[in-house]
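A.B. asks:
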Amino acid sequence: MSARHRSRRRELVESIAQGAVLLSDDGQVLAINDAARELLAIPEGARTRTATDVLTQPALADAVDDVRATGEPMTLEIDRADAKLRANVSMLRDEVLVLITDRTEEHRVDELRRDFVVNASHELKTPVTSIQALAEALSVVCHEQPERVPELVGQLGDEAARLAALVHDLLDLRRLEERGPLELARIDLAELVRRVVANQINRAEALEVELVVDVPSEVQVTGVVGDLEVVVRNLVRNALTYNRTGGTVEVRLRTLDDDEVELVVADTGMGIDASDLPRIFERFYRVDPARSRDTGGTGLGLSIVRHAVENLEGSVEVASQLGDGTSFTVRLPRGGPAAPR
Numbered sequence: 001m002s003a004r005h006r007s008r009r010r011e012l013v014e015s016i017a018q019g020a021v022l023l024s025d026d027g028q029v030l031a032i033n034d035a036a037r038e039l040l041a042i043p044e045g046a047r048t049r050t051a052t053d054v055l056t057q058p059a060l061a062d063a064v065d066d067v068r069a070t071g072e073p074m075t076l077e078i079d080r081a082d083a084k085l086r087a088n089v090s091m092l093r094d095e096v097l098v099l100i101t102d103r104t105e106e107h108r109v110d111e112l113r114r115d116f117v118v119n120a121s122h123e124l125k126t127p128v129t130s131i132q133a134l135a136e137a138l139s140v141v142c143h144e145q146p147e148r149v150p151e152l153v154g155q156l157g158d159e160a161a162r163l164a165a166l167v168h169d170l171l172d173l174r175r176l177e178e179r180g181p182l183e184l185a186r187i188d189l190a191e192l193v194r195r196v197v198a199n200q201i202n203r204a205e206a207l208e209v210e211l212v213v214d215v216p217s218e219v220q221v222t223g224v225v226g227d228l229e230v231v232v233r234n235l236v237r238n239a240l241t242y243n244r245t246g247g248t249v250e251v252r253l254r255t256l257d258d259d260e261v262e263l264v265v266a267d268t269g270m271g272i273d274a275s276d277l278p279r280i281f282e283r284f285y286r287v288d289p290a291r292s293r294d295t296g297g298t299g300l301g302l303s304i305v306r307h308a309v310e311n312l313e314g315s316v317e318v319a320s321q322l323g324d325g326t327s328f329t330v331r332l333p334r335g336g337p338a339a340p341r
């Protein structure tokens, strides 16, 4: 084989977006691209002359031998501790071509979808069962106790609203977890915070909780308007819900430097036990399940906050002491994600 032919073959392999390894009939590595080195976790500078050097996963080495013997292509899944790979092995004349695809993200999304179905089925069961029971009761009392109809209709409306809120939050969370493209825009975060907090004033008055807002006149950031509104709304609603009569919720926004902003939502409420803190951002985790459901909580609010913030390459932290209030701190890059999707 001419030097020109070998060079051309290497160029072709290196141009493939997937990981690619080309092997001779006797197991010599004719070409390997950088993607394959990364996916196969081959250390920089390591020897890559033979199939044994690069195909360290026994299942992949066996597949190459089988394809060489039968001529029939094979596809196999490779599980590494930190990655899920798919390898396609086929003959290319008298040579063996191995193409490797990183399925880690695809696998993560598949798992999220399975978890979503399981969790949604479980959580939807309660309001659906309640609505069914109320509908049956309504069909009876409308004839026998018509004076109770308004009461049951009101309860039916409450359960329907709870179901609608749950479905809305489930769809929001699924969208955020799957990390789709972000609709980024330049936003005045100070104005957004003031607007969202203003919409919670009636709720605060009904709960007899004081809302204190400390926000600059303007703070420009790059982000997703709807997601940032949800972050602020969920944190403020939580702070109001789990507060005490006569308590306070403080909402503070400040610029840390030219590159970062900080939002703090602090309350004087019941606080969170140290044993619960590591889990509060999990889906459907409720510190006080009965109170959460009684106040219309879905158990998804903080999980939505975490995913929305992380999608913008920010961070969210919580500090709390049982009986002495809770403080959530969100930090966001002013310029938005470094590599927008």
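If you read the sequence shown in my numbering, its first letter stands for residue 1, the second for the next number, and so on.
Beta carbons: idealized from backbone N, C-alpha and C, even for Gly.
Keep in mind it's a predicted model, so treat the numbers as computed, not measured.
Can you pull the DSSP bridge partners for Arg252?
C.D. replies: Answer by DSSP bridge pairing, in chain order: Asp214, Val264.
A.B. asks: Which same chain residues, not among the five before or five after Gly27, have their C-beta less than 6 Å away from its C-beta?
C.D. replies: Only Thr50, Ala51 meet the Cβ criterion.
A.B. asks: In the DSSP output, which residue or residues are listed as bridge partners for Arg175?
C.D. replies: In DSSP, Arg175 forms no bridge with anything.
A.B. asks: Over the uninterrupted alpha helix (DSSP H) stretch that includes Leu192, give me the two end residues.
C.D. replies: Unbroken alpha helix (DSSP H) run through Leu192: 189–198.
A.B. asks: Taking contact to mean at least 3 C-beta pairs separated by less than 8 Å, is the segment 223–236 in contact with the segment 307–326?
C.D. replies: The segment 223–236 is in contact with the segment 307–326.
A.B. asks: With distances taken between CB atoms, is the gap from Leu342 to Ile187 smaller than 8 Å?
C.D. replies: Residue 342 lies beyond the stretch modelled for the chain, which goes from 1 to 341, so this question has no answer here.
A.B. asks: So, does the segment 119–126 touch the segment 74–86, judging by three or more C-beta pairs under 8 Å?
C.D. replies: Verdict: no, contact absent.
A.B. asks: Leaving aside the five residues before and after Met91 along the sequence, list all residues of the same chain whose C-beta is less than 8 Å from its C-beta, in chain order.
C.D. replies: Answer for Met91: Val67, Arg68, Gly71, Pro73, Leu97, listed in chain order.
A.B. asks: Give the C-beta separation of Leu173 and Ser303 to the nearest angstrom, bearing in mind that I take them to be a contact with Cβ-Cβ under 8 Å.
C.D. replies: Indeed, because the Cβ distance is near 6 Å, the residues count as touching under 8 Å.
A.B. asks: So what's Leu124 in DSSP terms, helix, strand or just coil?
C.D. replies: Note: Leu124 maps to helix in three-state DSSP.
A.B. asks: Could you say which of Gln145, Leu263, Leu39 lies nearest to Arg334 if we only look at CA atoms?
C.D. replies: Considering only alpha carbons, the answer is Leu263.
A.B. asks: For a quick check, are the C-beta atoms of Leu55 and Ala46 less than 8 Å apart?
C.D. replies: Result no, Cβ atoms of Leu55 and Ala46 do not sit closer than 8 Å.
A.B. asks: Return the bridge partner residues of Gln28 from the DSSP annotation.
C.D. replies: Bridge partners of Gln28: Thr50.
A.B. asks: Assign Ala41 to one of two classes, buried (16 or more other C-beta atoms within 10 Å of its C-beta) or exposed (fewer than that).
C.D. replies: Result: exposed.
A.B. asks: Which residue's Cα is closest to the Cα of Glu183: Ser24, Gly336, Arg8, Leu12?
C.D. replies: Taking only the C-alpha atoms, the option nearest Glu183 is Gly336.
A.B. asks: With DSSP run on the structure shown, which of helix, strand or coil describes Leu240?
C.D. replies: Helix, per DSSP.
A.B. asks: Assuming Asp34 is part of the alpha helix (DSSP H), what are its boundary residues?
C.D. replies: Note, Asp34: alpha helix (DSSP H), 34–39.
A.B. asks: Under a Cβ-count criterion, where at least 16 other Cβ atoms within 10 Å of its own Cβ denotes burial, should Ile100 be classed as buried or exposed?
C.D. replies: So Ile100 ends up on the buried side.
A.B. asks: Please name the residue in Ser275, Ala338, Leu30, Glu260 whose C-alpha comes closest to that of Ser7.
C.D. replies: Of the listed residues, the one whose Cα sits closest to Ser7 is Leu30.
A.B. asks: At the level of alpha carbons, what is the spacing between Glu151 and Ala206?
C.D. replies: Glu151 and Ala206: Cα-Cα distance of roughly 22 Å.
A.B. asks: Given a threshold of 16 other Cβ atoms within 10 Å of its Cβ, counted over all protein chains shown, does His143 qualify as buried or as exposed?
C.D. replies: Answer is exposed; the Cβ neighbour count stays below 16.
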